[in-house]
Amino acid sequence: MSVPTQTLPHRHVLTMPSTPSAVRVARETAQQVMAEWGVAARHPAVDPALLILSELVTNSVRHAADRSPQVTVIYAAGRDCLAFAVHDRHPFLPPLYGALTGSGSGGLGTVMELTLSLAGTAVVRADADGLGKSVWITLPL
Numbered sequence: 075m076s077v078p079t080q081t082l083p084h085r086h087v088l089t090m091p092s093t094p095s096a097v098r099v100a101r102e103t104a105q106q107v108m109a110e111w112g113v114a115a116r117h118p119a120v121d122p123a124l125l126i127l128s129e130l131v132t133n134s135v136r137h138a139a140d141r142s143p144q145v146t147v148i149y150a151a152g153r154d155c156l157a158f159a160v161h162d163r164h165p166f167l168p169p170l171y172g173a174l175t176g177s178g179s180g181g182l183g184t185v186m187e188l189t190l191s192l193a194g195t196a197v198v199r200a201d202a203d204g205l206g207k208s209v210w211i212t213l214p215l
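For the sequence shown, position 6 matches number 80 in my numbering, and the numbering has no gaps at all.
This is the structure we're talking about:
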């Protein structure tokens, strides 16, 4: 499932300090915007999406805060799709699919297992200057 996220009608951007509280704020914001967009809290993709988001923000806080004082979360949705990205300014591009084969860490393994079990997609996009990246997750609704 590859959806051009710029075509999704709903979009919200949140930038916050790269501190442990960012995980809670990102998750609470996701719950709020999904409710505003009409995504039912009991939809089977919602709880896994919140866990995936929490893991990605945690990774940015733990591994990128030294080079990235802020983390940005982009939330997007359409009638049948939910997408979000976690962006930081650390140049390391995590091997998402390597996390499934044992060469990655536990958090990314969880992210990938949940994403793929929901028939979603995951991609890492480097910033144009090569000094940061966004991890994009797209899930069907």
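We treat Cβ as the ideally placed atom computed from N, Cα and C, and that holds for glycine.
For this session: Identify the continuous alpha helix (DSSP H) that holds Ala109 and give its terminal residues.
Result: 95 to 110
**Message:** Let's test the definition: count the other Cβ atoms within 10 Å of the Cβ of Pro168 and tell me whether it reaches 16, buried, or not, exposed.
**Reply:** buried
| Roughly how many angstroms lie between the CA atoms of Gly112 and Leu192, to the nearest whole one? | 19 Å
Comparing C-alpha positions only, which one of Thr189, Asp201, Glu129 sits nearest to Leu156?
Thr189
Helix, strand or coil for Ser92, going by three-state DSSP, please let me know.
-> coil
Taking Cβ positions only, does Gln105 come closer than 7 Å to chain B?
-> No chain B is part of this structure, which consists of one protein chain only.
Restricting to Cα atoms, I'd like to know which of Ala159, Pro94, Leu170, Ala119 is closest to Pro214. Ala119
Review point. For Arg232, which of Val135, Ile211, Gly181, Thr195 has the nearest alpha-carbon?
Key: Any answer about residue 232 is impossible in this case: the structure gives the chain only from 75 up to 215.
Report the rounded CA-to-CA distance for Ala109 versus Gly183, giving the unit in angstroms. 28 Å
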